[in-house]
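J.: Have a look at the structure that comes next, please.
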Amino acid sequence: MTIHASYEHHPDLRCEAIVFIDDESGACFQIQRDLPGGEYCVTTGASAPVYGAVTQWRMRGTTFEFALTPKAGRLFGDNLLSFEVTAAEVTVDELSSHVGRLLAGVPRLPWSV
């Protein structure tokens with residue numbers, strides 16, 4: 104499985120997003136935020152947005168993990184999503200920085216989970 108990740112900034116659409124796509128299944132997890140500085144949401148790319156959907160998150164190496172609210176968990180089929188990024192348009196550290204900025208105020212998952 105190849106997870107491709109990208110950061111997208113669209114001033115013309117007044118939004119920015121971090122997109123994780125499974126190249127094999129086409130499954131998508133997006134964190135989006137309106138510009139400037141709006142509230143974040145998550146979506147499958149084709150679903151309605153779920154605001155405040157991430158309760159905690161972390162990055163370990165090239166793996167991103169997101170704990171989701173029950174509503175978002177139903178949308179994505181699990182309350183804990185994990186993506187090992189194998190291809191990215193920016194570095195994994197840059198992706199982590201963007202995730203942290205978009206999810207400002209969302210606590211990090213403890214390491215023992």
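Position one of the sequence shown corresponds to residue 104 (the working numbering), numbered consecutively onward. Each residue gets a CB set at the ideal place from its N, CA and C atoms; glycine is no exception.
Figure out for me which residue from R161, A156 and L138 has the closest Cα to the Cα of T220.
T.: Any answer about residue 220 is impossible in this case: the structure gives the chain only from 104 up to 216.
J.: Going by beta-carbon coordinates alone, are L206 and A170 separated by less than 8 Å?
T.: In this structure, A170 does not lie closer than 8 Å to L206 by Cβ.
J.: Using the three-state DSSP reduction, which class does L178 fall into: helix, strand or coil?
T.: helix
J.: Taking a contact to mean a Cβ-Cβ separation below 8 Å, would you say S109 touches E192 in this structure?
T.: yes
J.: In terms of residues, what are the limits of the alpha helix (DSSP H) holding V202?
T.: V195 to L205
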